[in-house]
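What follows is a short report on a single structure.
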Amino acid sequence: MSGKGADRKIDYIEFNVADIAKSKAFYGGAFGWTFTDYGPQYCEFQDGRLTGGFTTTAPVKANGGPLVILFADDLEDALARVEKAGGTIVKPIFDFPGGRRFQFTDPDGYELAVWSDR
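At the far end of the sequence shown sits residue 190, using this note's numbering, and the numbering has no gaps.
Put into structure tokens, the structure is as follows:
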């Protein structure tokens, strides 16, 4: 596998989670992510464009840090899927220059956002 073109670009995102199965159910249900298990303490996710991981090897620290932002063609559908999967909407859909977005917390308390073109 070549890393050509990947220099200085985000390559992987890792979440410390309390329960891998719960995280898989949430992100699989809300966004259709797929998963590869690597034992009881680690699971890799694929969103179709980026890979990352869920791990229980470190404590959950949901507050602070960068805001992970996902894209959705249909923002209202994405919001409904997040709620159905058990997420909590912390900022309902709002306009910003260039589009619209909402922010939510996942079952571990991580805050993420979803945006869409206008």
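C-beta: ideal position from N, C-alpha, C; glycine also.
| residue 173, buried or exposed, once every other Cβ within 10 Å from all chains shown has been counted against 16 | buried
| said: Check whether the stretch 97-117 and the stretch 125-134 touch, using three or more Cβ-Cβ pairs below 8 angstroms as the test. | reply: yes
| field | Opening and closing residue of the alpha helix (DSSP H) in which residue 149 lies | value | Counting along the chain, the alpha helix (DSSP H) containing residue 149 begins and ends at 147-157.
| said: Looking at the secondary structure, which residues open and close the beta strand (DSSP E) in which residue 185 lies? | reply: 183-188
| query | Candidates 90, 102, 139: which alpha carbon is nearest residue 180's? | reply | 90
| said: Could you tell me the alpha carbon to alpha carbon distance between residue 144 and residue 81, rounded to whole angstroms? | reply: 21 angstroms
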